[in-house]
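Q:
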Amino acid sequence: MTVRESAFFGFVNPVDPRPEELQAWAYHPEAVPLDAMPSDWDLLIAGDVLAPTLFELAMDRQCPARRFALHCMYIYAADGVRPNATSQRKRRLKKYIERAEEVGDEPMATWAHNCRALMSRPELFEYEDWIEGGLVRHPRRLAAFGRR
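If you read the sequence shown in the working numbering, its first letter stands for residue 158, the second for the next number, and so on.
Encoded structure:
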């Protein structure tokens with residue numbers, strides 16, 4: 158039985174979900190709607206532990222919670238380009254970007270492009286776009302050079 162075929166029975170701890178719980182929820186998001194999650198749940202889960210799961214969900218065109226996973230990957234990326242981000246975080250982010258460029262569809266290619274743009278021009282960071290989901294709600298490629 159695959160994750161897609163299995164039922165979602167809830168989170169043991171929604172503030173700190175296990176990767177397999179997040180994956181199961183992503184294919185059955187109606188089981189626990191986002192508005193029932195803890196405040197700033199997206200910020201809580203967009204870290205190194207769940208990034209591999211979030212990335213795979215964002216890459217899956219069939220995932221019902223794909224847009225949410227992509228939103229979390231924008232948060233992860235914004236955190237990963239900060240000057241005080243760990244070198245491990247920066248390396249992981251670069252690997253995700255490369256993979257999205259190689260095999261991702263348009264939303265993931267746009268995410269990768271925007272990550273590279275932010276890496277080269279940190280002034281492109283806008284809280285509303287990167288943290289509040291603006292680049293997912295209104296997809297666009299940021300200018301890597303020149304004006305915003």
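Ideal placement from N, C-alpha and C gives every residue a C-beta, glycine not left out. These figures come from a predicted structure and were not determined experimentally.
1) Any contact of the stretch 170–186 with the stretch 215–235, i.e. 3+ C-beta pairs under 8 Å?
2) May I have a chain-ordered list of the alpha helix (DSSP H) segments no shorter than 4 residues that lie completely inside the stretch 168–251?
3) Just to confirm my understanding: we take His270, look at its own chain, exclude 5 residues before and 5 after, and list those with CB closer than 7 Å. What are they?
4) Evaluate Pro174 with the Cβ neighbour count: other Cβ atoms within 10 Å of its Cβ, from every protein chain shown; 16 or more gives buried, anything less gives exposed.
5) Give the secondary structure of Ala300 by DSSP, where H, G and I count as helix, E and B as strand, and everything else as coil.
6) Can you name, in chain order, every residue of its own chain whose Cβ lies under 8 Å from the Cβ of Met194, other than the five neighbours on each side?
7) Less than 7 Å separating the beta-carbons of Cys220 and Leu211?
8) Kindly indicate the opening and closing residues of the alpha helix (DSSP H) around Leu275.
9) Rank Tyr284, Ala300 and Val169 by C-alpha distance to the C-alpha of Asp236 and give the top, closest one.
10) Please list, in chain order, all residues of the same chain as Leu275 whose beta carbon is under 8 Å from its beta carbon, the five residues on each side excluded.
11) Residues in the same chain with beta-carbon distance under 6 Å from Ala222, minus the five sequence neighbours each way, listed in chain order, please.
12) Kindly indicate the opening and closing residues of the alpha helix (DSSP H) around Leu292.
A: A quick look at the data gives this:
1) yes
2) 176–183, 198–202, 208–216 and 223–237
3) Arg298
4) buried
5) coil
6) Pro171
7) no
8) Glu263 to Ser277
9) Tyr284
10) Ala234, Ala235, Val238, Leu281, Phe282, Trp287 and Leu299
11) Ala183 and Pro186
12) Gly291 to Arg294
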